[in-house]
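Report on one structure; see the data block that follows.
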Amino acid sequence: MKELLQLFMGNLFKIGVGLAIFLCAYLSNMCFSLYNNIALLHEKWSWKKFLNGVAKAVAFLFGISLLCLSVTAIPFFADKVGWLISAVYAEVFRDLAIVAVIFTVSSRYCFEAFITFKDILGYKEPEVDA
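With positions in the sequence shown counted from 1, the corresponding number in this note's numbering is that position plus 129.
See below:
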C-alpha cells in the first residue's frame, strides 16, 4: 500500500500541472462566453448558469484527478495479481493516460474559447430597420 501511495504522490504533480492547464482553458472559455452573452448578445446575468459552470469545473477537477489516479493504480494492481509489467511500460502507461485525459478535455475548452473569441472579434451590431 505504501508503494501505491508513493506512485500517487509522484503523479499528483503531473496531474496538478494538467489540471492547471485545463482550468486555464475552462476559465478562458467561461470569460469569453460571459462577455459574449452579456455584453454583445444582451442576455441577462444568471447566477444559476454561473454556479452551474463553477460546479462543472469542480466536478471536472475531481473527476479528472480520480481518473488519472485510477490509471496510475492499474499497472500496480496488475503487478500484484501476477501480470508483470516492466517499470518503463508502467510509467509510459501512466504518463500517456494523464496526457491523453488532460489533452482531450483541455483542447475542447480551448477550441470553444477560440471560437467565442473569434465571434467577439467579428461581432457587428445588428442593423435596425427604420
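Glycine residues also receive a C-beta, built at the ideal position from the N, C-alpha and C atoms.
The structure presented is a predicted model; accordingly, all values stated were derived computationally and were not measured.
Reduced DSSP category for residue i - H, G, I as helix; E, B as strand; rest coil
i, result
"residue 238", "helix"
"residue 257", "coil"
"residue 244", "helix"
"residue 225", "helix"
"residue 220", "helix"
"residue 250", "helix"
"residue 214", "coil"
Range covered by the alpha helix (DSSP H) that runs through residue i
i, result
"residue 290", "Since the first and last residues shown for the chain are 130 and 259, residue 290 lies out of range."
"residue 155", "131-164"
Spatial distance of residue i from residue j (CA atoms)
i, j, result
"residue 151", "residue 258", "44 Å"
"residue 146", "residue 256", "46 Å"
"residue 180", "residue 251", "28 Å"
"residue 132", "residue 161", "44 Å"
"residue 138", "residue 159", "31 Å"
"residue 242", "residue 215", "40 Å"
"residue 113", "residue 148", "Within the shown structure, residues of the chain are numbered from 130 to 259, placing residue 113 beyond reach of any answer."
"residue 189", "residue 203", "21 Å"
"residue 165", "residue 219", "45 Å"
"residue 163", "residue 226", "32 Å"
"residue 246", "residue 229", "25 Å"
Distance between beta carbons of residue j and residue i, contact taken as under 8 Å
i, j, result
"residue 155", "residue 184", "Not confirmed; about 12 Å, so no contact."
"residue 136", "residue 205", "6 Å"
"residue 169", "residue 249", "7 Å"
Minimum C-alpha distance to residue i - residue among the options
i, options, result
"residue 193", "172, 254, 249 and 143", "143"
"residue 223", "211, 171, 165 and 195", "195"
"residue 157", "254, 253 and 235", "235"
Proximity test, residue i beta-carbon vs the ligand NAP heavy atom, cut-off 6 Å
i, result
"residue 150", "Inclusion of the ligand NAP in the displayed structure is not the case, the ligand content being empty and no account of it being possible."
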